[in-house]
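In order, the protein sequence lines correspond to chains X and A.
Numbering follows our numbering, in which position 178 of the first sequence is assigned residue number 194; successive positions increment by one, without gaps.
Numbering follows our numbering, in which position 247 of the second sequence is assigned residue number 358; successive positions increment by one, without gaps.
Virtual Cβ for every residue (Gly too), placed ideally from N, Cα, C.
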Amino acid sequence: MPLLTVSNLYKTYRLGRVDVPVLRGVNLSVEEGEFVAILGSSGSGKSTLLHLVGGLDRPDKLPQGNIQFDGRSVTGFSNGQLDEYRRRDIGFVFQFYHLLPELTVLQNVTVAAMVRHGLGYTARSAKVSDDATTLLGHMGLSHRLEHRPAELSGGERQRVAIARSLINSPRVLLADEPTGNLDHVTGAKVLDMLLGIRRERSQTMLVVTHDQETAARADRIVRIADGIIQ
Amino acid sequence: MYQWLLVRKYLFSKIMPLLAALAVVLCTAMVLVTWSVMGGFLDMFIRSGRTVTGDVVISWPNVGFAYSDELVQKLQADPMVAAATPVIETYGLLGLPDGQQKMVIIRGIDPKTYSGVTSYNDILWWKPLTEPLEKDEKKEDPRLQSDLSEAMEFYERNGRALSRIDDVTGEEKPAVVLGIEVSGFNWRMEEGFYKPQQFVRHAPDGSETLVNGFLPRDGEVVISVLPLSRKGGVISQKSRRLPVANEFQSGLFEADEKVVFLRLDVLQEMLEMQQASRIVEGTTPAPAAEGEEGESFAYGEVQATVIDPARVTQVLVRGKGDLGTLGAARPLAARVEEIYAEFAAAHRGEVPGPGTIQIMTWEDQNRTMIAAVQKETGLLLFLFSLISLVAVFLVLAIFWSMIAEKTKDIGIMRALGAGRLGVAGVWVGYGLAIGVVGAVLGGVAAYFIVHNINPIHEWIGTITQKLTGDRILIWDPRIYYFSVIPNTVDPQKAAIVLIGGVLSSAIGAIVPAWRAAAMHPVRALRFE
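Here is the structure:
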């Protein structure tokens, strides 16, 4: 049974008085431990699909589509359940890193665990801090723990973002153009890192990209164009 | 947990939130300074209110009531009562040396027992002074002059005895003690002391005489009163020329401008309220017998001699302990009512009944003025609290713009799984943190200002005098009556104002927090 199943998913945005359909009946399934690349050009709806799968947005109510995660219907989740789903099961990596500029590298990673555990974080803080330090060490950022994002290179920032997405050991890692803002060499290193993580942790990964080279390293490529899986 | 981390990081990373904190600092300090000064003013006022009335007053105006000595004894035997004294209070006319006639309140007192109930000895103004008043840096107060110290001792002695010893005959004459503002001859200086003035008296023949306005030396006044019979009928006006023994300053302008002290026995005599015998004509069927107390009948006679006991209009009572706070004298007043009821029962028909006699605390007596100061304080606080709403709107505006700036952070936190309430909590917590910082600093600033308000006031006066030639005097002792500005901060008031400051900041953060919570995570992440 697939870990993630997307069926008949529609999403329409309203721009002024015009309805713009972005996803038009998307169907997709991802097995546990699988690395799936969603390949599509700009505006094809791949990021929207990622946001819907990650519970950041909701699909159109009609036609009725569904996102099943580990046997549960994500589309039927309440707002609170969606928050919990993102905290427990999903890790996001964005093209523009999206780190909090006031926090240090270490804090940018541990803040995800703070959100995950709430008041219970206090009891776990030492372990979380150790885990974050180890993770960042694996990413080659041991010397950057107390630095702020503004003091890091693009590649370093993306590695911090990856560490943050993994600190809560999510079931699925969703990456939206993770190498899209990096030069070729740095992008390749980041991709190597993602593949390494996938190998070590059997991490299920859904990576959105428009780069053929990135997509080629996935277990499976899903092409999306005009909101429809090809 | 993450809320606390973000609040800490945001708090000191930007200038704008510090501006919001500064607004809270200013508003907190402003309200606390106002409340402290006005509250201190009210406390001073209350303290002054008791200086001439004691804690509780038993009063039957105009006609007065008898057997006051017995009532005083009964009162003093009670464990709640420290001392009691009889007083006569009446309106009268005061003829001053320059010819002006003033309507005054004449208070007949027994100085010894009156000073046991009130602060009479302390409020006498003309007496030797060893230390100058706080603002009298040049030591210009006449009471400080060493060559006048003997004279000042003489005036003080005269004031305490309510008499003046004649320089020539050595005879001790009954005298009056005037409120320091009664004559209008004493000018109150900026430093808080008085300088008696000289004035010109114009005679009907056109001649002019220079008169010394310092009345305790050799000044005399004419007191005129209107005696009333026991039934309230007017008898005839009585006038008497009396020397001035001293003057007093109670701190209560109403008293200092209107009250004149005179010896109880002298005023009793002028008002015909002293013990007196009278002959009652009529027929009596009763055989010759010993009559009631104070009355004697002869068998077959149709005339009787009746002794009318002396009357007073008030008995003042001082309770044990400090009853100087609002409401503190109420239990004593209740006890005095009980004692008076026993006294009235023993003299049924001769003294006013317990339901009709007026028994008031010092607070009741000064209620109009206390209420006025309380209302003024309340009004000022209300106005400043309204102004403090500026802080709420400033926090709101600053937070609103900060949330626009931090939209992406909100999107990130939502992507990490933070709920709407959690995100709102960051901003409300941020508002609370700014409120705490602002209120604490505001409290410290207010304490510093209030504690040093008199030196600051002096400094402003000195600076403005140097710059403009005119000295700005906000707290003018000639007007406000207290020579120094109250300079204590009440911890309870401080706590209320500080909590208000924190809450106002949190309230200002609520609307922006709601805006942050309502943001769509995807739109927030895509925000540029």
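7 Å Cβ cutoff, residue i in contact with chain A
i, result
"GLU47 of chain X", "no"
"ALA128 of chain X", "yes"
"TYR137 of chain X", "yes"
"ILE240 of chain X", "no"
"ASP76 of chain X", "no"
"GLU4 of chain X", "Outside the displayed span of chain X (17 to 246) sits residue 4 of chain X, for which this structure offers no information."
"PHE108 of chain X", "yes"
"HIS67 of chain X", "yes"
"LEU72 of chain X", "yes"
"VAL206 of chain X", "no"
"HIS114 of chain X", "yes"
"ARG103 of chain X", "yes"
"VAL38 of chain X", "no"
"ASP99 of chain X", "yes"
"VAL131 of chain X", "yes"
For residue i: DSSP bridge partner residues
i, result
"LEU78 of chain X", "Bridge partners of LEU78 of chain X: none, in fact."
"TYR29 of chain X", "X:VAL36"
"ASN232 of chain A", "Partner(s): none; ASN232 of chain A has no beta bridge."
"ALA53 of chain X", "X:VAL223, X:ILE237"
"GLU331 of chain A", "A:PRO354"
"SER23 of chain X", "X:ASN82"
"ILE276 of chain A", "A:GLU283"
Cβ of residue i within 7 Å of any chain X Cβ
i, result
"VAL633 of chain A", "yes"
"TYR113 of chain A", "yes"
"TRP625 of chain A", "no"
"LEU532 of chain A", "no"
"GLY528 of chain A", "yes"
"ASP154 of chain A", "no"
"LYS120 of chain A", "yes"
"ILE523 of chain A", "yes"
"SER512 of chain A", "no"
"ASP601 of chain A", "no"
"ASP520 of chain A", "yes"
"SER616 of chain A", "no"
"SER499 of chain A", "no"
Residue span of the alpha helix (DSSP H) that contains residue i, given as start and end
i, result
"GLN256 of chain A", "Segment: none, GLN256 of chain A is in no alpha helix (DSSP H) and carries neither H nor E."
"LYS64 of chain A", "As shown, chain A starts at 112 and ends at 639. That puts residue 64 of chain A outside it, with no answer to give."
"LYS205 of chain X", "200 to 217"
"GLU283 of chain A", "Premise fails: GLU283 of chain A lies in the beta strand (DSSP E), 283 to 285, not in any alpha helix (DSSP H)."
"ALA421 of chain A", "ALA421 of chain A -> no alpha helix (DSSP H), and no H or E assigned at all."
Bounding residues of the beta strand (DSSP E) (the contiguous stretch that carries residue i)
i, result
"ASP235 of chain X", "Note, ASP235 of chain X: premise wrong, no beta strand (DSSP E); not H, not E."
"PHE359 of chain A", "349 to 359"
"GLY219 of chain A", "212 to 220"
"GLU200 of chain A", "192 to 206"
"TRP298 of chain A", "297 to 299"
"HIS313 of chain A", "309 to 313"
"GLU319 of chain A", "319 to 323"
"ILE169 of chain A", "167 to 170"
"ARG626 of chain A", "Here ARG626 of chain A belongs to no beta strand (DSSP E); instead the alpha helix (DSSP H) covers 602 to 629."
"THR162 of chain A", "Segment: none, THR162 of chain A is in no beta strand (DSSP E) and carries neither H nor E."
"GLY59 of chain X", "Per DSSP, GLY59 of chain X belongs to no beta strand (DSSP E) and is neither H nor E."
Residue i beta carbon near the ligand PLP (any heavy atom closer than 6 Å)
i, result
"GLY219 of chain A", "Absence of the ligand PLP is noted for the structure shown, with no ligands found whatsoever."
CB-CB length for residue i against residue j, believed under 8 Å
i, j, result
"PRO117 of chain X", "ALA166 of chain X", "6 Å"
"LEU235 of chain A", "ASN357 of chain A", "5 Å"
"SER274 of chain A", "ALA262 of chain A", "Not confirmed; about 16 Å, so no contact."
"ASN197 of chain X", "GLY156 of chain X", "With a Cβ gap of about 19 Å, ASN197 of chain X and GLY156 of chain X do not count as contacting."
"PRO623 of chain A", "TRP538 of chain A", "6 Å"
Flag this pair as touching only if the stretch 519 to 527 of chain A and the stretch 168 to 185 of chain A have three or more C-beta atom pairs under 8 Å; answer yes or no.
-> No, because fewer than three Cβ pairs between the stretch 519 to 527 of chain A and the stretch 168 to 185 of chain A fall closer than 8 Å, the two stretches do not touch.
Is there contact here, the stretch 358 to 371 of chain A with the stretch 158 to 165 of chain A, by at least three beta-carbon pairs under 8 Å?
-> yes
With contact counted as at least three CB pairs below 8 Å, one residue from each stretch, are the stretch 182 to 194 of chain X and the stretch 159 to 167 of chain X in contact?
-> no
Examine the Cβ distances between the stretch 126 to 135 of chain A and the stretch 537 to 553 of chain A and report whether three or more of them are shorter than 8 Å.
-> yes
Specify whether the stretch 221 to 235 of chain A and the stretch 187 to 207 of chain A touch according to this definition: at least 3 beta carbon pairs, one from each stretch, less than 8 Å apart.
-> Remark: three or more beta-carbon pairs, one from each stretch, lie closer than 8 Å, so the stretch 221 to 235 of chain A and the stretch 187 to 207 of chain A are flagged as touching.
Decide if the stretch 65 to 82 of chain X is in contact with the stretch 473 to 487 of chain A; the criterion is three or more beta carbon pairs, one per stretch, under 8 Å apart.
-> no
Quick check: the stretch 592 to 607 of chain A against the stretch 173 to 192 of chain A, are there 3 or more CB pairs under 8 Å?
-> no
Segment contact, 8 Å Cβ cut-off, at least three pairs: the stretch 303 to 323 of chain A with the stretch 176 to 185 of chain A = no
Specify whether the stretch 559 to 566 of chain A and the stretch 137 to 148 of chain A touch according to this definition: at least 3 beta carbon pairs, one from each stretch, less than 8 Å apart.
-> In this structure the stretch 559 to 566 of chain A lies against the stretch 137 to 148 of chain A, because at least three pairs of beta carbons, one per stretch, are closer than 8 Å.
Sufficient close CB pairs (3 or more, under 8 Å) joining the stretch 288 to 302 of chain A to the stretch 366 to 381 of chain A | yes
Please confirm if the stretch 334 to 343 of chain A is in contact with the stretch 203 to 217 of chain A, defined as three or more CB-CB distances below 8 Å between the two stretches.
-> yes
Three or more C-beta pairs closer than 8 Å, one from the stretch 92 to 112 of chain X and one from the stretch 36 to 55 of chain X: is that the case here?
-> no
Any chance the stretch 56 to 72 of chain X sits against the stretch 222 to 233 of chain X, with 3 or more Cβ pairs inside 8 Å?
-> yes
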